[in-house]
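Report on one structure; see the data block that follows.
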């Protein structure tokens with residue numbers, strides 16, 4: 017740089033001034049005078065400030081002669097890949113608020129579930145016969161209940177009955193004999209039917225599912241889905257005037273209504289144009305004998321519909 021010697025000269029002058037002020041001797045007084053250290057520091061600081069000012073002045077023309085580099089835009093940060101979106105998960109309800117599988121299957125609107133269309137081998141629009149439906153059912157393997165059954169319990173009674181009783185599913189006695197309602201609950205049902213003025217052969221009796229659920233548990237949704245078309249075909253074949261739904265499971269399945277049987281019973285409902293009376297299941301009445309009076313009141317409404325008196329035959 018061309019100003020470098022001048023800058024060195026200025027620095028020399030500053031240092032010389034500092035040297036002269038730091039130490040000098042007065043001959044006349046015979047004393048040695050030494051400058052205060054604080055004053056020396058101030059002088060030194062002043063000299064350094066002067067030196068920096070000169071250096072900046074010399075560097076300014078040189079910097080101005082060179083064009084300033086164009087400002088470069090800051091590089092954009094690399095886009096981080098978005099993490100895969102987790103599927104939406106419905107919060108799990110507490111155990112006390114959960115519904116049994118069958119409740120979830122029944123609470124959906126009827127049109128959202130498969131309709132019981134015509135069965136293979138049954139001509140659409142024609143009234144099927146129970147024999148045709150039974151042949152179509154065959155040695156059914158449509159759900160897992162087939163693995164533990166002894167017999168398919170299809171139904172029994174008058175194929176042109178005006179009154180049909182629908183239960184839940186076969187028990188151990190029914191599974192052994194292949195006939196619905198022949199155990200202890202079946203014996204009570206027979207007495208109920210006779211008290212209404214009918215014989216068992218006058219009515220038709222069947223269940224929602226045709227094979228015994230293990231341990232007499234409630235049928236599961238897939239089991240009902242596999243078997244319900246045959247139940248609906250049976251009701252189309254018989255074409256009764258009244259259906260008595262025995263217990264909550266039969267009533268809720270046919271009506272697509274999760275109302276408790278204690279509130280549903282005794283009130284006329286309708287299934288595909290057929291009057292339906294929900295009432296307690298005979299097995300429940302065996303466990304709760306005090307409820308027999310309510311069940312009898314329900315059956316009396318059915319009798320009144322048919323114009324029958326207690327014990328009246330025909």
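Residue numbers (this note's numbering): 17 to 330. Don't be surprised by glycine CBs; every beta carbon is placed ideally from N, CA and C.
Item	Value
Does the segment 266-278 come close enough to the segment 164-179 to have 3 or more Cβ pairs within less than 8 angstroms?	no
Assuming residue 324 and residue 212 make a contact with CB atoms under 8 angstroms, what is their CB distance in whole Å?	7 angstroms
Which value, in whole angstroms, describes the spacing of the CA atoms of residue 313 and residue 282?	7 angstroms
Under a Cβ-count criterion, where at least 16 other Cβ atoms within 10 Å of its own Cβ denotes burial, should residue 230 be classed as buried or exposed?	exposed
State the DSSP-derived secondary structure class of residue 305, mapped to helix, strand or coil.	helix
Can you tell me whether residue 186 is buried or exposed? The criterion is at least 16 other CB atoms within 10 Å of its CB, across all chains shown.	buried
Using the three-state DSSP reduction, which class does residue 210 fall into: helix, strand or coil?	helix
Quick check: the segment 147-159 against the segment 186-195, are at least 3 beta-carbon pairs closer than 8 angstroms?	no
Would you mind stating whether residue 219 and residue 181 have Cβ atoms separated by less than 8 angstroms?	yes
Could you check if residue 183 is buried or exposed, using at least 16 other CB atoms within 10 Å of its CB as the buried criterion?	buried
Going by the beta-carbon positions, is the gap between residue 301 and residue 161 smaller than 8 angstroms?	no
What is the rounded straight-line gap between the Cα of residue 345 and the Cα of residue 250?	With the chain represented from 17 up to 330, any question about residue 345 goes unanswered, as that position is not in the structure.
Please name the residue in 199, 233 and 318 whose C-alpha comes closest to that of residue 259.	318
Assign residue 278 to one of two classes, buried (16 or more other C-beta atoms within 10 Å of its C-beta) or exposed (fewer than that).	exposed
So, helix, strand or coil for residue 259, using DSSP?	strand
Apply the 10 Å Cβ neighbour rule to residue 304 and answer buried if 16 or more other Cβ atoms are within range, or exposed otherwise.	exposed
Terminal residues of the continuous beta strand (DSSP E) containing residue 182?	179-183
Look up residue 288 in the DSSP assignment and give the residues it is bridged to.	DSSP output for residue 288 lists no bridge partner at all.
Starting from residue 149, trace the alpha helix (DSSP H) both ways and give me its first and last residue.	146-153
For residue 320, count neighbouring Cβ atoms within 10 angstroms of its own Cβ and tell me buried if that reaches 16, exposed if not.	exposed
Could you pull the start and end residues of the beta strand (DSSP E) that residue 221 belongs to?	220-223
With DSSP as the reference, label residue 241 as helix, strand or coil.	helix
Going by the beta-carbon positions, is the gap between residue 228 and residue 288 smaller than 8 angstroms?	no
By the 10 Å Cβ neighbour count, where 16 or more other Cβ atoms means buried, how is residue 226 classified, buried or exposed?	buried
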